[in-house]
Amino acid sequence: MTPTAGPYAGTARLDATRRALELQALGDAPRIDLLVIGGGVTGAGVALDAASRGLRTVLVEARDLAFGTSRWSSKLVHGGLRYLASGRIKVARESAVERGVLMTRTAPHLIRALPQLVPLLPDLLRPGQAALIRTGFHAGDALRLGAGTPGVLLPRVRRIDAERTRRLVPAVRTAGLRGALVAHDGQLVDDARLVVALARTAAQYGASVLTRVRAEEVTGASARLVDALTGQEITVRAGAVVNATGVWAGEVDASIRLRPSRGTHLLVDAGLLGHPTAALTVPVPGSTSRFVFALPQQLGRVAIGLTDEDAPGPIPDEPQPSEAEVSFLLDTVNTALATALTRSDVRGAHAGLRPLIDTGDGSTADISREHAVLESPSGVVTVVGGKLTTYRRMAEDAVDAAVRLRGLPARTCWTARLPLVGAPGHRDSRPSPAGARTGGEVPASLLARHGGTAHEVLAAGESAPIAEGLDVTRAEVAYAVSHEGALDAVDVLDRRTRIGLVAADAERARKAVEEIVAETVAQRR
Ligand SMILES: Cc1cc2nc3c(=O)[nH]c(=O)nc-3n(C[C@H](O)[C@H](O)[C@H](O)COP(=O)(O)OP(=O)(O)OC[C@H]3O[C@@H](n4cnc5c(N)ncnc54)[C@H](O)[C@@H]3O)c2cc1C
0 MTPTAGPYAG
10 TARLDATRRA
20 LELQALGDAP
30 RIDLLVIGGG
40 VTGAGVALDA
50 ASRGLRTVLV
60 EARDLAFGTS
70 RWSSKLVHGG
80 LRYLASGRIK
90 VARESAVERG
100 VLMTRTAPHL
110 IRALPQLVPL
120 LPDLLRPGQA
130 ALIRTGFHAG
140 DALRLGAGTP
150 GVLLPRVRRI
160 DAERTRRLVP
170 AVRTAGLRGA
180 LVAHDGQLVD
190 DARLVVALAR
200 TAAQYGASVL
210 TRVRAEEVTG
220 ASARLVDALT
230 GQEITVRAGA
240 VVNATGVWAG
250 EVDASIRLRP
260 SRGTHLLVDA
270 GLLGHPTAAL
280 TVPVPGSTSR
290 FVFALPQQLG
300 RVAIGLTDED
310 APGPIPDEPQ
320 PSEAEVSFLL
330 DTVNTALATA
340 LTRSDVRGAH
350 AGLRPLIDTG
360 DGSTADISRE
370 HAVLESPSGV
380 VTVVGGKLTT
390 YRRMAEDAVD
400 AAVRLRGLPA
410 RTCWTARLPL
420 VGAPGHRDSR
430 PSPAGARTGG
440 EVPASLLARH
450 GGTAHEVLAA
460 GESAPIAEGL
470 DVTRAEVAYA
480 VSHEGALDAV
490 DVLDRRTRIG
500 LVAADAERAR
510 KAVEEIVAET
520 VAQRR
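With numbering that gives the first Met the number 0, the residue at position 460 of the sequence shown is 459, and numbering never jumps.
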């Protein structure tokens with residue numbers, strides 16, 4: 000029996016029963032083609048790449064899908080502009096191409112075009128800086144054109160007047176405002192939702208996706224898998240093992256030495272900035288190349304980021320922002336606002352770690368933008384670095400390496416043409432959720448998070464909000480358990496929805512989420 004035989008074969012449904020069945024099947028037949036360790040965007044992408052090439056694939060994630068860095072990003076689908084500035088043409092092109100693939104074929108339902116606006120305030124920009132930014136924006140536009148991404152999807156660079164600037168970002172300082180430069184990039188409704196869509200699509204193509212399972216004693220051809228829920232252990236034999244554990248890569252393969260850097264975001268209520276519909280880009284005083292962004296997000300928040308702080312030492316489960324980072328972000332964004340934000344306006348703060356390679360001589364090599372595929376002496380293939388935007392290319396490179404090194408029987412990669420669950424063209428997607436049982440009215444926020452599977456979500460529960468003022472429906476909570484592999488209320492609060500980003504919101508929703516999780520689990524037994 001293959002791990003995905005039975006009632007789940009060919010479905011994108013992940014739940015506790017499937018997990019138990021597949022663990023049992025793996026224990027009975029522990030010989031597979033590819034073991035993927037890590038359920039972030041990279042590991043989920045590798046599992047989809049391998050399974051869709053016909054390899055018998057198992058992904059193990061020690062905690063939950065998107066538990067690591069993949070949920071702490073800025074949620075941008077970058078076109079590569081920032082890499083051009085540092086002369087990294089190849090990575091800039093790769094980013095622009097992958098952004099186009101995501102926005103046109105694989106996950107357009109999760110991504111929208113986000114205007115990014117640099118206000119023309121004379122005391123904010125250094126002499127010549129506006130011209131430099133304009134040149135950069137046009138170079139970014141050339142990348143978009145080169146990647147074949149149409150202008151209707153990502154409009155061209157333009158200059159807007161002060162009135163239009165105020166309409167897009169009402170809180171911007173108006174004294175001396177001469178308008179703004181605007182360029183467009185992609186923005187994910189949520190990074191963790193991309194990971195879940197990848198993992199579910201991988202499962203549909205036959206991969207076993209096993210959360211709460213840690214890989215230990217990993218070699219190039221085997222690993223001991225430990226089920227955190229039961230303590231059961233399985234030793235699997237694999238044609239190849241791919242280590243996609245991000246900043247934890249060195250714990251799985253001792254030949255990898257990383258030294259992370261921390262990036263922090265703050266969350267404030269969107270109302271404080273007048274509900275902006277564009278990202279505000281603010282130059283860091285004294286620098287020509289560093290910026291702080293205020294990015295409109297789902298659930299009525301604006302995220303303000305980003306820092307870059309050396310973070311040596313043991314890797315924490317959830318990195319914590321420092322007070323100095325919070326002050327730096329507030330001070331910088333305030334230089335462009337009419338009314339300054341204060342510490343008490345901060346509703347939440349979170350941080351993620353970028354993996355930098357420790358060269359051992361006190362310096363680091365930056366692979367946080369460009370990815371690396373490394374084969375260790377034990378034969379483990381590690382894929383590390385890169386970014387959310389380029390996960391597909393990273394996955395292709397890692398599986399290509401595993402296939403080449405181990406002679407695995409795989410077809411060529413075709414993920415650039417493979418729509419993820421919820422995307423138009425995916426076999427479970429419906430073009431319009433009209434006729435859903437709420438009478439045709441589907442909350443826009445639900446549609447933005449689920450795309451063409453909105454009808455399935457609404458069939459899982461009620462369309463009422465989970466708590467007053469939170470635009471997450473009760474149906475989404477039930478669906479997270481019945482289809483998206485959430486095993487408990489914390490998975491739902493912190494990763495399937497992002498209610499947990501603001502602790503006060505999580506407290507308001509927790510009881511209702513716990514009840515729906517318990518009911519849904521009981522129904523599925
Ligand atoms: C602050 C910040 C902002 C960013 N913003 C952007 C952005 O806007 N756009 C963009 O494109 N990129 C962005 N990036 C980059 C992007 O977030 C990362 O490149 C990406 O999320 C890394 O994913 P990953 O799957 O490699 O690692 P992770 O997401 O960390 O996944 C690794 C997983 O491995 C699991 N694991 C660890 N050890 C084991 C084990 N022994 N057994 C089983 N599982 C294990 C962990 O639990 C974890 O879930 C940002 C990065 C940072 C830090």
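Glycine included, C-beta positions come from ideal geometry on N, C-alpha and C.
Run of the alpha helix (DSSP H) containing residue i, from where it starts to where it stops
| i | result |
| --- | --- |
| Ile515 | Ala502 to Arg523 |
| Thr331 | Glu322 to Asn333 |
| Thr164 | Ala161 to Leu167 |
| Phe66 | Unbroken run through Phe66: none, as it is neither H nor E. |
| Asp396 | Tyr390 to Arg405 |
| Glu455 | Ala453 to Leu457 |
| Ile88 | Ile88 to Val100 |
| Asp190 | Asp190 to Gln203 |
| Glu475 | Arg473 to Ser481 |
| His425 | First-last for His425: undefined, no H or E at that position. |
| Leu445 | Ala443 to His449 |
Inter-residue spacing [alpha-carbon to alpha-carbon] between residue i and residue j
| i | j | result |
| --- | --- | --- |
| Thr306 | Leu328 | 8 Å |
| Ala371 | Arg497 | 30 Å |
| Ala65 | Ala198 | 10 Å |
| Arg12 | Glu461 | 19 Å |
| Gly67 | Ala174 | 42 Å |
| Asp268 | Arg300 | 5 Å |
| Ala339 | Glu308 | 24 Å |
| Arg172 | Asp330 | 14 Å |
| Glu513 | Arg448 | 21 Å |
| Gln277 | Arg165 | Here residue 277 turns out to be Ala, not Gln, going by the sequence shown. Between Ala277 and Arg165, the C-alpha separation is close to 10 Å. |
| Ser343 | Ile303 | 14 Å |
| Thr519 | Asp493 | 18 Å |
| Pro154 | Glu506 | 40 Å |
| Ile515 | Ala43 | 27 Å |
| Ala511 | Asn242 | 37 Å |
| Gly139 | Gly150 | 12 Å |
| Leu352 | Pro259 | 6 Å |
| Val325 | Ala443 | 32 Å |
| Ala248 | Ala227 | 20 Å |
| Arg104 | Pro6 | 29 Å |
| Arg403 | Gly238 | 11 Å |
| Thr411 | Val156 | 37 Å |
| Ala488 | Arg509 | 7 Å |
| Ala196 | His454 | 16 Å |
| Ala24 | Arg55 | 13 Å |
Buried/exposed call for residue i, threshold 16 Cβ in 10 Å
| i | result |
| --- | --- |
| Pro118 | buried |
| Thr234 | exposed |
| Gly406 | exposed |
| Thr452 | buried |
| Gly285 | exposed |
| Asp190 | buried |
| Pro114 | buried |
| Glu216 | exposed |
| Thr229 | exposed |
| Gln522 | exposed |
For residue i, the first and last residue of its enclosing beta strand (DSSP E)
| i | result |
| --- | --- |
| His349 | Gly347 to Arg353 |
| Gln186 | Ala179 to Leu187 |
| Ser207 | Ser207 to Thr210 |
| Val380 | Val380 to Gly384 |
| Leu80 | Here Leu80 belongs to no beta strand (DSSP E); instead the alpha helix (DSSP H) covers Leu80 to Ala84. |
| Ser221 | Ser221 to Asp226 |
| Leu373 | His370 to Glu374 |
>> Would you call the region 98-111 in contact with the region 119-131, where contact means no fewer than 3 C-beta pairs closer than 8 Å?
In response: no
> Counting Cβ pairs, one atom from each stretch, are 3 or more of them under 8 Å apart for the region 377-388 and the region 245-257?
Replying inline: yes
> Can we say the region 145-156 touches the region 58-77, given the rule of at least three CB pairs closer than 8 Å?
Replying inline: Judged by Cβ distances under 8 Å, the region 145-156 makes no contact with the region 58-77, as fewer than three pairs qualify.
> Within the chosen definition, does the region 383-403 reach the region 80-95 through at least 3 CB pairs nearer than 8 Å?
Replying inline: Short answer: they touch.
>> Which complete alpha helix (DSSP H) runs does the region 10-58 hold, if anything under 4 residues is left out?
In response: 15-27 and 40-51
>> In chain order, what are the residue ranges of uninterrupted beta strand (DSSP E) at least 3 long that sit wholly in the region 104-142?
In response: 110-118
> Looking at C-beta atoms only, is the number of pairs between the region 5-22 and the region 205-223 that lie closer than 8 Å three or more?
Replying inline: yes
> Does the pairing of the region 316-326 with the region 342-357 give three or more beta-carbon distances under 8 Å?
Replying inline: yes
> Where in the region 248-335 do unbroken runs of the beta strand (DSSP E), each at least 3 residues long, occur, reported from the N-terminal end onward?
Replying inline: 260-268, 278-282, 290-296 and 300-304
> Are the region 177-187 and the region 154-167 touching by the rule of at least three beta carbon pairs closer than 8 Å?
Replying inline: yes
>> Whether or not the region 420-432 and the region 394-408 are in contact is what I'm after, with contact meaning three or more pairs of Cβ atoms, one per stretch, closer than 8 Å; do they touch?
In response: no
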